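To start, the structure itself, in structure tokens.
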């Protein structure tokens, strides 16, 4: 009887620990586009802007993109190609221009991230609130140190520079969790951002 009880306790403990180890935070996603975007037919070519999206993230002219940004670019390109888009060769022109940016930061002391504006064609909205809470599960050692991870992607008409589609994906993960590693974080955020692409304009969704 004692042996069976011990086995049951061990099984319960292993399941509890496994659940903590594999828990994946949801991703908050917002997309904007002017009407229903056109030009996403399979085979449409695109080029990626070599500089990260956003002036605050842009490197100096003679500084190559970071390895972390390269991880995000690879993850975004994988999703673009799953939509049927095709990367243009080096130096080639394409009807679509893709701009990619990312950010990782500790949440503000009050535990909420400031809203970030996102919009296309002059119509602006904002997102960011509940996902960026900086307090995790308390296992006796106090709140876990968290990171806010954000992926930003904008797709422009290359000829006119007009924004056709823009999206943001945001999540919060423990600093030491596997999900905080650039390659894993980039893949998760990119997959969530392009879920049901192009998505409903102006709506914020939570992707498990």
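Residue numbers (this note's numbering): 137 to 344.
Virtual Cβ for every residue (Gly too), placed ideally from N, Cα, C.
Computed from a predicted model, the values in this text were never measured in an experiment.
One question on the structure: do residue 321 and residue 343 come within less than 9 Å of each other, judged by their Cβ atoms?
no
List the DSSP bridge partners of residue 310.
282
On the DSSP letters alone, give me the boundaries of the alpha helix (DSSP H) that residue 328 sits inside.
It spans 318-329 - the alpha helix (DSSP H) in which residue 328 sits, taken as one unbroken run.
Kindly confirm or deny that the segment 178-192 and the segment 306-314 touch, where touching means at least three C-beta pairs closer than 8 Å.
Output reads no: the segment 306-314 does not touch the segment 178-192.
Helix or strand or just coil, what does DSSP make of residue 204?
helix
For residue 189, tell me which candidate among 216, 214, 213, 238 has the shortest Cα-Cα distance.
Looking at the Cα atoms, 238 is the closest of the given residues.
Check the C-beta distance from residue 222 over to residue 184 and give it rounded, since I have them as a contact under 8 Å.
Actually they do not touch by this definition, with Cβ atoms about 12 Å apart.
By DSSP, does residue 223 sit in helix, in strand, or in coil?
Reduced to three states, the DSSP call for residue 223 is strand.
Work out the CA separation of residue 167 and residue 335 for me, nearest whole Å.
Our two residues, residue 335 and residue 167, have alpha carbons roughly 6 Å apart in a direct line.
Spatial neighbours of residue 231 within its chain, please: CB distance less than 8 Å, with the 5 preceding and 5 following residues excluded, ordered by chain position.
175, 180, 181, 182, 293, 294, 295
Where does residue 228 sit, in a helix, a strand or coil, going by DSSP?
coil
Three-state secondary structure (DSSP) of residue 339:
coil
Any idea what DSSP makes of residue 213, helix, strand or coil?
helix
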